[in-house]
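For reference, the structure discussed in these notes is given below.
Numbering (mature numbering (1 follows the signal peptide of the UniProt record, and there is no 0)), first residue to last: -24 to -1, 1 to 262.
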């Protein structure tokens, strides 16, 4: 999860289906393709008192390759993988925000779209005997750049460790997958400056100059619920951010000490490969 602007990449991929162990044991297709629609309600950035609602196309794309995967966590390229530990490279992206649409940022530069990339370590902490209950540790570090496609700037890095619990095949008739992830957010000074700094050129009586610091950026809790039907998929998510104690909580751009984003989506699966993926226990970490 992102520390400043909510990450559309992560939000949208949160709707994509998890590779449930039950499916893996049956040999799921190598790839599946579909499309649908998602509705989202999110703040402009963590700490903003302005929020927006979106209705967006929701791609359904799953690829279960030996070294490259696309799933609800994003795009991954395996570097190392064992039964309990996985190291991969993952990508993510974040949307822009116009300062003219957010009163507290009026007159300041817009927030550009961002792209993130970096290594992620996943550690399997525990799993039930039937592998339908999984507890894992996630340690993703990502470098972040802001870009409008014509130019780009390095805005530092984020580190978002979390403990994730996932349960599969729940509810009446089974088939529902539930996930909860909790963890702190850390980021560099440059990253916090990008979202929360007020330089003297943009300072005023109602918006004093402010220089953000690097470090702790609050606590995040993410909930997901999804179910895969034969021809379509549905999902819900909610994320709560507590900024109490964050190093930037006294920034004049922080108007709330907490934030909530939520949404839902449905996708129809149009095509899938005839070839099936190899069933492997590492699916527990996906």
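The beta-carbon is built from N, C-alpha and C at its ideal position, and this holds for glycine as well.
Every value quoted in this text rests on a predicted model; they were computed, and no experiment measured them.
With a threshold of 8 Å on Cβ separation, who are the neighbours of residue i within its own chain once the five nearest residues in sequence on each side are excluded?
i, result
"residue 44", "51, 52, 53 and 54"
"residue 184", "174 and 228"
"residue 25", "19, 80, 231 and 232"
"residue 182", "228"
"residue 249", "5, 6, 7 and 8"
"residue 11", "33, 34, 35, 36, 243, 244 and 246"
Under 6 Å Cβ to Cβ from residue i, same chain only, skipping five residues before and after it: list those, please.
i, result
"residue 164", "132, 133 and 190"
"residue 197", "158 and 216"
"residue 214", "199 and 238"
"residue 251", "6"
"residue 16", "30 and 239"
"residue 253", "4, 6 and 40"
"residue 142", "110 and 155"
"residue 264", "This structure gives no information on residue 264, because the portion of the chain shown stretches from -24 to 262."
"residue 124", "88"
"residue -23", "Below a pLDDT of 50, predicted positions are generally treated as unreliable, and residue -23, at 42, falls in that range; the measurement from the model is reported next regardless. Within the same chain, residue -23 has close Cβ partners 70."
Taking the alpha-carbon positions, what's the residue i to residue j distance?
i, j, result
"residue 172", "residue 101", "36 Å"
"residue 195", "residue 158", "7 Å"
"residue 1", "residue 56", "For residue 1, the pLDDT reaches just 47, beneath the cut-off of 50, and the residue's location in the model is therefore unreliable, although a value from the coordinates is still provided. Whole-angstrom Cα-Cα distance: 22 Å."
"residue 242", "residue 152", "14 Å"
"residue 122", "residue 166", "12 Å"
"residue 41", "residue 75", "41 Å"
"residue 119", "residue 149", "43 Å"
"residue 235", "residue 202", "23 Å"
"residue 192", "residue 117", "14 Å"
"residue 223", "residue 139", "22 Å"
"residue 85", "residue 225", "20 Å"
"residue 96", "residue 64", "5 Å"
"residue 72", "residue 105", "44 Å"
"residue 220", "residue 207", "43 Å"
"residue 178", "residue 128", "22 Å"
"residue 180", "residue 94", "37 Å"
Nearest to residue i by CA position, among the options, is which residue?
i, options, result
"residue 77", "27, 180 and 96", "27"
"residue 66", "210, 135 and 79", "135"
"residue 218", "18, 22, 94 and 5", "22"
"residue 99", "200, 73 and 62", "62"
"residue 32", "72, 14 and 25", "14"
"residue 126", "104, 146, 170 and 88", "88"
"residue 130", "12, 170, 147 and 161", "170"
"residue 245", "209, 237, 213 and 222", "209"
"residue 147", "250, 137, 186 and 204", "204"
"residue 161", "115, 128 and 206", "115"
"residue 112", "94, 124, 128 and 137", "137"
"residue 168", "12, 36, 11 and 186", "186"
Going by DSSP, what residues sit across from residue i in a beta bridge?
i, result
"residue 252", "5"
"residue 11", "35 and 244"
"residue 275", "Since the displayed the chain opens at -24 and closes at 262, residue 275 lies outside it and no answer follows."
"residue 56", "63"
"residue 227", "For residue 227, which the question treats as bridged, DSSP gives no partner whatsoever."
"residue 84", "For residue 84, which the question treats as bridged, DSSP gives no partner whatsoever."
"residue 219", "According to DSSP, which records beta bridges pairwise, residue 219 is partnered with nothing at all."
"residue 78", "Partner(s): none; residue 78 has no beta bridge."
"residue 24", "BP columns for residue 24 are empty, so no partner."
"residue 41", "In DSSP, residue 41 forms no bridge with anything."
"residue 188", "Per DSSP, none; premise fails for residue 188."
Leaving out the 5 sequence neighbours to the left and right, which residues in its chain are closer than 7 Å to residue i when beta-carbon positions are compared?
i, result
"residue 257", "The predicted model places residue 257 with a pLDDT of 44, which falls under 50 and marks its position as unreliable; any figure quoted below should be read in that light. Hits under 7 Å: 59."
"residue 82", "75 and 76"
"residue 176", "185"
I'd like to know whether the C-beta of residue i is nearer than 8 Å to at least one C-beta of chain B.
i, result
"residue 251", "Of the protein chains in this structure there is only one, and it is not chain B."
At 4 residues or longer, what runs of the alpha helix (DSSP H) sit wholly inside the stretch 91 to 178? 165 to 172
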